[in-house]
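Numbering (this note's numbering), first residue to last: 41 to 491. Glycine included, C-beta positions come from ideal geometry on N, C-alpha and C. What you are looking at is a predicted structure, and each value in this text was computed from that prediction instead of being measured.
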């Protein structure tokens, strides 16, 4: 097997990562008392996971060859103890294709870890301060918000270079504010100033699986401001978030769930959500004439309501959900398609009707409904999820998805080991929703061990 020799630039990039980790250590060592082993090292913590994923894309179209990818990964998180409220964290990630990259390029599922045989990165390197309910963090870090998060459905998660602050106003209420500057996609080895609307290899970024609609000469992404709050009390839980994806879109998102008193063994619930997107001032999509679903425009405007209703009965949960992307009149990018720079084509958004393959963010104006049953078996060690989703859209036609998700979690001596198999089949659609507008099946075997 031929292995490509790492380039000089590759070594320089990882040298920069090592210097970032070193800077974290220098900052900590400069703080009063941080040089003491007690607290920093004795109270430190290391955890992580081992992963082995095997993905297969199976197309009914005779003009599209099936694609697959096999990869293993190691994710290690190291956190120091606290001294006077200060601490630090570092996360190292490594993925390897186990010598399977000698297949033709068009038969590789590049969304799993890209095209290279190995991928390594420092995904977190931050300094943190915590006191009086506040947690302040600066540096490379994982973020967990509805529309900007880890998108952790491949071997490596996404990460962000950011300043973040969290305030916990008690056990049930929290606030988050963050400013991101760059991100590292699931297939990137360092941080870049782009997002999922940029083409693969923009500024050298091997980002795969995104929308990629922008031209290669688009100006770099300026980052994101976000603020949000989550609340839970009694029968109600909810969250509200505001995002400013600079020069792309502003977004407001809210959702809430009410769980009603039990009726016998039935615990009913109802949830609702609303997403709105808009833009003011200069906009990269508008300035470049970028077409989303074949439609360019002079403004961004989106509105997506949704509802989900169901019940828990013992170890079974069933629900039916609905979403609608409202078609916008006038000269609107994508005729109202939601602009989502960090979930578009990843299919990791929080809309109720998003499937494993895609959702309304990818398909644009129209509506969808989903029926889902979740069962916990064998003492809750086995989880079985089945779902059926139907889409009726303006530009991608009518289609439906059938989904099966099996998860087995070991206990006892093998606690931390999980076996998972996700399978989905999409049928129908138009304008090449699936290759050749023929059915498309995707199977994902995911073995992981958390330590």
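*Return yes when the Cβ of residue 384 is within less than 8 Å of the Cβ of residue 263, no when it is not.*
The residue labelled residue 263 in the question sits at position 223 within the chain shown. The residue labelled residue 384 in the question sits at position 344 within the chain shown. Taking 8 Å as the Cβ cut-off, residue 263 and residue 384 do not qualify as a contacting pair.
*Out of curiosity, what's the CA-to-CA distance linking residue 228 and residue 131?*
For the purposes of this step, residue 228 is identified with residue 188 of the chain shown, where counting begins at 1. For the purposes of this step, residue 131 is identified with residue 91 of the chain shown, where counting begins at 1. Here the C-alpha atom of residue 228 lies approximately 15 Å from the C-alpha atom of residue 131.
*Which term fits residue 471, buried or exposed, when burial requires 16 or more other beta carbons within 10 angstroms of its beta carbon?*
On the chain shown, residue 471 is found 431 positions in, with the first residue counted as 1. By the Cβ-count criterion, residue 471 is exposed, with fewer than 16 other Cβ atoms from all chains shown falling within 10 Å of its own Cβ.
*Report yes if the C-beta distance between residue 493 and residue 118 is below 8 Å; otherwise report no.*
One cannot answer for residue 493 here, as it falls past the ends of the chain, which runs 41 to 491.
*What did DSSP end up calling residue 401 once you bin it into helix, strand or coil?*
Within the chain shown, the letter at position 361 stands for residue 401. In the displayed model, residue 401 falls within a helix according to three-state DSSP.
_Cβ neighbour criterion (16 or more within 10 Å) applied to residue 405_ = One-based indexing of the chain shown puts residue 405 at position 365. Note on residue 405: 16 or more other CB atoms within 10 angstroms of its CB, so buried under the neighbour-count rule.
_As an exercise, report each continuous beta strand (DSSP E) stretch of at least 3 residues that is fully enclosed by the segment 155 to 229, in chain order._
You should have 158 to 171, 174 to 181, 199 to 208, 213 to 224.
*Along the alpha helix (DSSP H) that carries residue 152, what are the first and last residues, could you check?*
On the chain shown, position 112 is the one that residue 152 refers to. Here residue 152 belongs to no alpha helix (DSSP H), and DSSP marks it neither H nor E.
*asked:* Quick check on residue 490: does DSSP put it in helix, strand or coil?
replied: Here the question's residue 490 lines up with position 450 in the chain shown. Strand at residue 490.
*asked:* Please report the distance separating the alpha-carbon of residue 75 from that of residue 94.
replied: One-based indexing of the chain shown puts residue 75 at position 35. One-based indexing of the chain shown puts residue 94 at position 54. In this prediction, residue 75 scores a pLDDT of 49, lower than 50, which makes its location untrustworthy; the coordinate-derived value is nonetheless stated afterwards. If I take the Cα positions, the gap works out to 44 Å.
*With respect to the alpha helix (DSSP H) encompassing residue 325, which residues constitute its N-terminal and C-terminal limits?*
Position 285 of the chain shown, counted from the first residue, corresponds to residue 325. For residue 325, the uninterrupted alpha helix (DSSP H) segment begins and ends at 324 to 327.
*If you follow the beta strand (DSSP E) that residue 313 is part of, which residue opens it and which one closes it?*
Taking the first residue of the chain shown as position 1, residue 313 is located at position 273. For residue 313, the enclosing beta strand (DSSP E) starts and ends at 306 to 318.
*DSSP state of residue 243, grouped into three classes?*
Residue mapping note: residue 243 aligns to position 203 of the chain shown, counting from 1. Helix.
*asked:* For residue 357, which residues in the same chain have their Cβ closer than 7 Å to its Cβ, ignoring the five residues on either side in sequence?
replied: Sequence index remark: in the chain shown, residue 357 carries index 317 (1-based). Cβ within range, chain order: 350, 414.
_beta strand (DSSP E) segment containing residue 271, residue limits_ = What you label residue 271 is simply residue 231 of the chain shown in a count that begins at 1. Its beta strand (DSSP E) spans residues 264 to 273.
*Own chain, CB closer than 7 Å to residue 474, minus 5 neighbours either side, in chain order*: Against the chain shown, residue 474 aligns to sequence position 434. Correct list, in chain order: 466, 480.
_So, for residue 83: in the same chain, excluding its five sequence neighbours on each side, which residues have a beta-carbon less than 6 Å away from its beta-carbon?_
The residue you call residue 83 lines up with position 43 of the chain shown. Taken in chain order, the residues that qualify are 121.
_On the DSSP letters alone, give me the boundaries of the beta strand (DSSP E) that residue 426 sits inside._
Sequence index remark: in the chain shown, residue 426 carries index 386 (1-based). Following the DSSP letters along the chain, one finds residue 426 inside the beta strand (DSSP E) bounded by residues 422 to 433.
*Through-space distance from residue 206 to residue 104, alpha-carbon basis*: Counted from its first residue, the chain shown places residue 104 at position 64. Counted from its first residue, the chain shown places residue 206 at position 166. Taking the Cα positions, residue 104 is about 47 Å away from residue 206.
*Residues in its own chain within less than 6 Å of residue 111 by CB, not counting five upstream and five downstream?*
Position 71 of the chain shown, counted from the first residue, corresponds to residue 111. Around residue 111: 93, 135, 137, 152, 153, 195.
*Going by the CB atoms, is the gap between residue 411 and residue 507 shorter than 8 Å?*
Any question about residue 507 goes unanswered here, given that the chain covers just 41 to 491.
*Heavy atom of the ligand MN less than 7 Å from the Cβ of residue 348, yes or no?*
Among the ligands in the structure shown, none appear at all, so the ligand MN cannot be discussed.
*Same chain only: Cβ atoms within 6 Å of residue 342, ignoring 5 sequence neighbours per side*: Here the question's residue 342 lines up with position 302 in the chain shown. Within the same chain, residue 342 has close Cβ partners 317, 376, 378.
*From the DSSP output, read off the bridge partner residues of residue 283.*
For this step, residue 283 is matched to residue 243 along the chain shown. Answer by DSSP bridge pairing, in chain order: 266, 291.
_Residue nearest to residue 468 in terms of C-alpha spacing, selected from 88, 328, 99_ = In the chain shown, counting from the first residue as 1, residue 468 sits at position 428. Of the residues 88, 328, 99, the one whose Cα lies closest to the Cα of residue 468 is 99.
*asked:* So, under 8 Å CB-CB, residue 201 and residue 234 are touching, yes? Tell me the CB distance rounded to an integer number of Å.
replied: Numbered from its first residue, the chain shown carries residue 201 at position 161. Numbered from its first residue, the chain shown carries residue 234 at position 194. With 8 Å as the limit, residue 201 and residue 234 do not qualify as a contact, their Cβ atoms being about 12 Å apart.
_Counting C-beta neighbours from all protein chains within 10 Å, is the total for residue 381 16 or more, i.e. buried, or is it exposed?_
Here residue 381 refers to the residue found at position 341 of the chain shown. With 16 or more other CB atoms across the displayed protein chains lying within 10 angstroms of its CB, residue 381 is buried.
_If contact is defined by three or more beta carbon pairs under 8 Å, each pair taking one atom from either stretch, is the segment 431 to 443 in contact with the segment 285 to 295?_
No, they do not touch.
*Take every Cβ of the segment 261 to 276, pair it with every Cβ of the segment 209 to 217, and state whether three or more of those distances are shorter than 8 Å.*
The answer is yes - the segment 209 to 217 touches the segment 261 to 276, with three or more Cβ pairs under 8 Å.
*asked:* Just list the residues that DSSP pairs residue 85 with in beta bridges.
replied: Reading the chain shown from its first residue, position 45 is the one you call residue 85. According to DSSP, which records beta bridges pairwise, residue 85 is partnered with 119.
*What's the C-alpha gap between residue 48 and residue 280?*
Your numbering for residue 48 matches position 8 in the chain shown. Your numbering for residue 280 matches position 240 in the chain shown. Residue placement at residue 48 is flagged as unreliable, the pLDDT there being 43, under the threshold of 50; the coordinate-derived value follows with that caveat. Going by the C-alpha atoms only, they are around 45 Å apart.
*What span of residues does the beta strand (DSSP E) with residue 474 cover, start to end?*
To locate residue 474, count along the chain shown from 1; it is residue 434. Looking at the DSSP string, residue 474 is not in any beta strand (DSSP E), and its letter there is neither H nor E.
_Under 8 Å between C-beta atoms of residue 278 and residue 295_ = Within the chain shown, numbered from 1, the residue matching residue 278 stands at position 238. Within the chain shown, numbered from 1, the residue matching residue 295 stands at position 255. One thing to note: residue 278 has its Cβ within 8 Å of the Cβ of residue 295.
*Specify, as a first and last residue, the run of the beta strand (DSSP E) that residue 348 falls within.*
Here residue 348 corresponds to residue number 308 of the chain shown, with the count starting at 1. Unbroken beta strand (DSSP E) run through residue 348: 341 to 353.
*How is residue 75 classed by DSSP in three states: helix, strand or coil?*
Here residue 75 is taken as the residue at index 35 of the chain shown, counted from 1. Note on residue 75: pLDDT 49, under 50, position unreliable in the model; no value is reported.
_Spatial neighbours of residue 389 in its chain, beta-carbon cut-off 7 Å, leaving aside the 5 residues before and after_ = Sequence index remark: in the chain shown, residue 389 carries index 349 (1-based). Here the set comprises 187, 380, 383, 399, 401.
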